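Numbering (UniProt numbering), first residue to last: 1 to 745. Ideal placement from N, C-alpha and C gives every residue a C-beta, glycine not left out. Since the structure is predicted, the reported quantities are computational estimates derived from the model, not experimental observations. Each remark here refers to the structure printed beneath this line.
Written as structure tokens, this is what we have:
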């Protein structure tokens, strides 16, 4: 049996998640084809067997009304991609400039000079036709598939308003010199031949282009998690060839090549150490806060950092087979699932559009049936379509997001986009990564135990002086604590390091040893008890000795942030069940959980296992929020219903998340959930009123009593209400005690 071929197609023309679902369905109907389409990244990952060629896949997508492109071969000197949103931004700016005078003229009778209506037509035509082209294309595609979305409603309403205005100008009385729309909200019946609705058509198009541009920018950022993840790897590597080091691009590295990793460098790819020993900081990928000691025969993972000595590594996996590449696939797969969330406006439109069309047809039939004729019935039917296109619909989501995200930024909370807010009301479980989220992510000294008759300060001072000459992260923690508590540290002579065991040196003429108890000597009972307690709590114990005697034990651990316990309590108060998730040992995890008040602990998990834990909770019927900060959290953040990244963490985690907590304070997570829920409530309220004002005028339209001022007033009042309602989010306040680090209004 042949292995299926996999390719990735670039998809264009999608306007909502239902488009992605439609393309996916079409591709999967082909024999031997399995496809997933990611709306956020505009990519389709397709697996196909014999009998299918890539051109068939492209043709299928194009037949569905969208565009598809095969992957381009990688260029050696790739030109940076141009701004993908530049076209939409240009369309928005031109439409806004042309629409403003049209709206002002249409709504202010005092400015309606002779032939003003023809100037309005000249300015509005390119806005409706060219500016609104994305909506018209999407509406046509939806119509071909028997679907109705917000694009359908916008296209119908704006075209109806524009076409009726053309009729009134060229065949009616609206084109006569001196025609004005007097300011009157009186309800009267007319034939509509003297009414133009150009301001409605142009204004709605521009407002909705603004909303579409804001959404496009948010969607574009969703794909940057994958780019940031893949950029973590080394760009170049020193390979041993013929006994000499040759610097080559990492893409030219092959399985079996031996390459050099110097202190501070990233490991170029997954491999096995063949020479040298060092401590490798893998916290970014694994979440393990303590650097891992490696030597000949040990495996290392690409993108981890060599924190110690020089290593020679034989490559065992390269390219798409590395753990980093596998994590990138996990992130994309998780984003795939989340991309299926459909926009609220589309769901409402799916019901509203068929109802409006039915009402328009019913109105047409009713007036023809009563003897009004086509000339009397058609204006009433068109008026139904015009009034049903709510201008405020384009403002409902963007204004609430703009105000909500602005207030969030003041409080250190960044919200990615509207689609991430839908699940916040239902979130009932919050999964907290330990390292860097609940804890500081940095090693710190947590205790000093001196042997009987020894001074704890002197033990720390001499150990700190010796460790200050080492590059090891644990040594850095000891040295920092010693400087803070003891002041200036003495100099060290004769320093030497024993890989994986500890360090030796002479401090003030005294030979000092710091490291594993087996290196330093036999521990007296009180120090053995301190080591046992540290091991039970998942902390690292370091023995200190001189003159052949063990003088004390230093305990080092990843310290819990002082605000974490308050944050956990606040999350519980919001009805969320906290779960601690970590790659660290069970003992370490339980100790941290007990300190902050968490009952549920999942420890010793690999990055891919974190995704599985989130999925398992979701299959149990839970709606999961995930808070993390490392590369190893990225896929789980993308998989969760709501991903929250610590702003002090890696770019990959931030890009894969839905909300970013800028300050790195876990208490902001509770405020973020509250803000997201409040913003979603405002968006829902905006959508309701955006439709309600216009629905209230539908009976007037059906009765043939709609005049341009009523249409304009409905548009203006609904827009003003939506903006005012959104501005209420500026009064959102953090929980008491959380406001200390927020920026005031």
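Using C-beta distances below 7 angstroms, list every residue in its chain close to residue i, excluding the 5 sequence neighbours before and after it, in chain order.
| i | result |
| --- | --- |
| residue 470 | 497, 503 |
| residue 158 | 128, 132, 201, 204, 205, 389 |
| residue 486 | 457, 460, 461, 464 |
| residue 586 | 603, 604 |
| residue 483 | 464, 489 |
| residue 448 | 456, 459, 460, 552, 554 |
| residue 671 | 411, 413, 734, 735, 738 |
So residue i and residue j are in contact, right, with Cβ under 8 angstroms, and what is the actual spacing, rounded?
| i | j | result |
| --- | --- | --- |
| residue 202 | residue 103 | 7 angstroms |
| residue 617 | residue 429 | 6 angstroms |
| residue 307 | residue 278 | 7 angstroms |
| residue 550 | residue 541 | Not quite, the Cβ-Cβ distance comes to about 12 angstroms (not below 8 angstroms), so this is no contact. |
| residue 281 | residue 291 | 5 angstroms |
| residue 686 | residue 400 | 6 angstroms |
| residue 261 | residue 267 | 5 angstroms |
| residue 314 | residue 272 | 5 angstroms |
Is it right to say residue i is buried, meaning 16 or more other beta carbons lie within 10 angstroms of its own, or is it exposed?
| i | result |
| --- | --- |
| residue 351 | exposed |
| residue 734 | buried |
| residue 546 | buried |
| residue 725 | buried |
| residue 691 | buried |
| residue 14 | buried |
| residue 730 | exposed |
| residue 142 | buried |
| residue 510 | exposed |
| residue 6 | exposed |
| residue 736 | exposed |
| residue 29 | exposed |
| residue 592 | buried |
| residue 610 | buried |
| residue 508 | exposed |
| residue 97 | exposed |
| residue 732 | buried |
| residue 134 | buried |
| residue 140 | exposed |
| residue 439 | buried |
| residue 296 | exposed |
Counting only beta-carbon atoms, is residue i nearer than 9 angstroms to chain C?
| i | result |
| --- | --- |
| residue 639 | In the structure shown, chain C cannot be found, because there is only a single protein chain. |
Taking residue i as the reference, which of the options has the closest Cα?
| i | options | result |
| --- | --- | --- |
| residue 700 | 101, 199, 382 | 382 |
| residue 414 | 664, 355, 46 | 664 |
| residue 568 | 514, 655, 544, 600 | 600 |
| residue 747 | 237, 35, 87 | Past the boundaries of the shown model lies residue 747; the chain is included only from 1 to 745, so the question cannot be answered. |
| residue 512 | 548, 661, 737 | 548 |
| residue 211 | 291, 263, 150 | 150 |
| residue 517 | 527, 508, 143, 153 | 527 |
| residue 638 | 49, 662, 612 | 612 |
| residue 634 | 101, 655, 173, 621 | 655 |
| residue 702 | 386, 408, 537, 566 | 386 |
| residue 704 | 243, 125, 38, 368 | 368 |
| residue 181 | 627, 243, 110 | 110 |
| residue 305 | 270, 51, 296 | 270 |
| residue 55 | 717, 674, 8, 358 | 8 |
| residue 544 | 478, 693, 168, 112 | 478 |
| residue 303 | 311, 452, 323 | 323 |
Near residue i, which residues of its chain fall below 6 angstroms by C-beta distance, leaving aside the five closest residues on each side in sequence?
| i | result |
| --- | --- |
| residue 595 | 560 |
| residue 77 | Note that residue 77 scores a pLDDT of 41, beneath 50, so its modelled location is shaky and nothing firm can be said. |
| residue 239 | 246, 248, 257, 259 |
| residue 588 | 538 |
| residue 34 | 47 |
| residue 161 | 197, 200, 201, 386 |
| residue 45 | 8, 36 |
| residue 446 | 555, 557 |
Starting from the C-beta of residue i, find all residues in its chain whose C-beta is less than 8 angstroms away, skip the five residues before and the five after it, and write them out in chain order.
| i | result |
| --- | --- |
| residue 426 | 623, 641 |
| residue 178 | 114 |
| residue 563 | 665, 666, 667 |
| residue 501 | 515, 516, 518, 519 |
| residue 364 | 377, 378, 380, 381 |
| residue 12 | 42, 66, 67, 68, 69 |
| residue 4 | 32, 34, 47, 48, 49 |
Determine contact between the region 473 to 492 and the region 429 to 440, defined as no fewer than three beta-carbon pairs at a distance below 8 angstroms. no
Inter-stretch contact at 8 angstroms, needing at least 3 Cβ pairs: the region 571 to 582 / the region 542 to 558: No contact exists between the region 571 to 582 and the region 542 to 558.
Are the region 59 to 70 and the region 105 to 116 in contact at 8 angstroms, needing three or more beta carbon pairs? no
Would you check if the region 399 to 406 and the region 664 to 683 touch, i.e. whether three or more CB-CB distances between them fall below 8 angstroms? Touching, yes.
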